[in-house]
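Numbering follows numbering that gives the first Met the number 0, with no gaps: position 60 of the sequence shown is 59.
Below is one structure, written out as structure tokens, with a few remarks after it.
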Amino acid sequence: MGIERNLGDRTKGRELSELLDETNTNNMKIRKNRRYRQKITMSPVQKLFLACKHVFANAAPGIVPSPQHIEILRSVLAGIKPEDLGLKPDMPYFSNISNDATPKITYLHIYECEKFSMGIFCLPPSAEIPLHNHPGMTVFSKLLFGTMHIKSYDWAADLPADVSQTQIPEKRLAKIKVDADFTAPCNPSILYPNDGGNMHCFTAVTACAVLDVLGPPYSDPDGRHCAYYRSFPFSNFPAEEISIPEEEKKDYEWLEEIEKPESLQVVVKMYSSSKIVEN
Numbered sequence: 000m001g002i003e004r005n006l007g008d009r010t011k012g013r014e015l016s017e018l019l020d021e022t023n024t025n026n027m028k029i030r031k032n033r034r035y036r037q038k039i040t041m042s043p044v045q046k047l048f049l050a051c052k053h054v055f056a057n058a059a060p061g062i063v064p065s066p067q068h069i070e071i072l073r074s075v076l077a078g079i080k081p082e083d084l085g086l087k088p089d090m091p092y093f094s095n096i097s098n099d100a101t102p103k104i105t106y107l108h109i110y111e112c113e114k115f116s117m118g119i120f121c122l123p124p125s126a127e128i129p130l131h132n133h134p135g136m137t138v139f140s141k142l143l144f145g146t147m148h149i150k151s152y153d154w155a156a157d158l159p160a161d162v163s164q165t166q167i168p169e170k171r172l173a174k175i176k177v178d179a180d181f182t183a184p185c186n187p188s189i190l191y192p193n194d195g196g197n198m199h200c201f202t203a204v205t206a207c208a209v210l211d212v213l214g215p216p217y218s219d220p221d222g223r224h225c226a227y228y229r230s231f232p233f234s235n236f237p238a239e240e241i242s243i244p245e246e247e248k249k250d251y252e253w254l255e256e257i258e259k260p261e262s263l264q265v266v267v268k269m270y271s272s273s274k275i276v277e278n
């Protein structure tokens, strides 16, 4: 009896061990399957959020992500399509229903924290986002559909810092970086704090949607407010002390800071097509 009992106990112990091993194996498979399902079902917006969280982990004014991080976010944005975000050109956002001379622009707010912000600008035909800046920010923009005219500037860094302000009060010389039409699909654009066209304006040639990522975002309390400008040809204010070859003068314009244009109408709505999981 004793021998049989010990043998039975050992047998039961072995069965229990095998059962635990099998259970652990199954649990691991379940966890792996769950992670796999989460991976393949993760929305493009969630992928973008996670990329931004990683790339802008140390975001601060004037701090530019590393080239490797820039490429990570650029690649994620490049793969996003309008249908991934639930957007179509025939949606009301992209129609000038009131036939306003200056159509309303809709901004679909996706996410914002102290490190970065994500959102979509929806522009009806002829809508315009006036010339504005992005102080200390790195900005990624993806034209999702439509044709848009983009004009962007950088401050004329190859001249003495105070020469333009000394010669032309309240105006500062800027160099045109881009002045062209873009039609989707096209590569994401990247603006840096001091390069790449930090000041730009958008004009919708057709209905357009633009996915914008800013790191860090605008913040009035922190001195990162959005400044607006109007431009003047270089020839309007001759400055003899500024030496620019005649053939290059067309590439420079004077910018003067102005109040936010009254014609700019932006309606802010919450993006609701996909939820972001922060944890």
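For every residue, glycine included, the Cβ atom is placed at its ideal position computed from N, Cα and C.
Quantities reported herein were computed from a predicted structural model and do not represent experimental measurements.
Secondary structure note for residue 68: its alpha helix (DSSP H) is the uninterrupted segment 66–77. Distance from the CA of residue 215 to the CA of residue 128, rounded to the nearest whole angstrom, comes to 20 Å.
Per DSSP, residue 121 is one residue of the beta strand (DSSP E) stretching across 116–122. A distance below 8 Å between beta-carbons, with the five flanking residues on each side excluded, links residue 260 to the following residues of its chain, in chain order: 129 and 227. For residue 199, there is no enclosing alpha helix (DSSP H); the residue is found in the beta strand (DSSP E) stretching over 198–203. Beta-bridge annotation (DSSP): residue 142 is paired with 209.
For residue 181, the uninterrupted beta strand (DSSP E) segment begins and ends at 171–182. Residue environment for residue 252: buried (at least 16 other C-beta atoms within 10 angstroms of its C-beta).
Here residue 54 is near residue 72, since their CB atoms are less than 8 Å apart.
Within the model, the alpha-carbon separation for residue 102 versus residue 200 is close to 15 Å. Taking 8 Å as the upper bound for CB-CB distance, residue 109 and residue 117 are in contact here, some 4 Å apart.
The Cβ-Cβ distance between residue 190 and residue 143 does not fall below 8 Å. Secondary structure of residue 276 (DSSP, three-state): coil. Using a 10 angstroms sphere on the CB of residue 224, the tally of other CB atoms stays under 16, which defines it as exposed.
According to DSSP, residue 40 shares a beta bridge with no other residue.
Judged by their CB atoms, residue 272 and residue 85 are nearer to each other than the 8 Å cut-off. Counting of Cβ neighbours within 10 angstroms places residue 222 among the exposed residues, the total staying below 16.
In summary, residue 132 is buried, with 16 or more beta-carbon neighbours lying within 10 Å of its beta-carbon over all protein chains present. Relative to the Cα of residue 145, the nearest Cα in the group 135, 136, 138 and 123 belongs to 123. One alpha carbon belongs to residue 69, the other to residue 140, and they sit about 12 Å apart. Residue pairing of residue 131 in beta bridges, as defined by DSSP: 199 and 227. In this structure, DSSP gives residue 54 a helical state, which the three-state scheme calls helix. Counting only residues of its own chain and dropping the five nearest sequence neighbours on each side, residue 63 has a CB closer than 7 Å to the CB of 137, 191 and 192. Burial check for residue 59: the Cβ neighbour count within 10 Å stays below 16, so the residue is exposed. Taking a C-beta distance under 8 Å as the contact criterion, residue 183 and residue 121 do not qualify as a contact pair. In this structure, residue 93 lies away from residue 212, with their beta-carbon atoms at least 8 Å apart. Per DSSP, the continuous beta strand (DSSP E) segment holding residue 268 begins and ends at 265–269.
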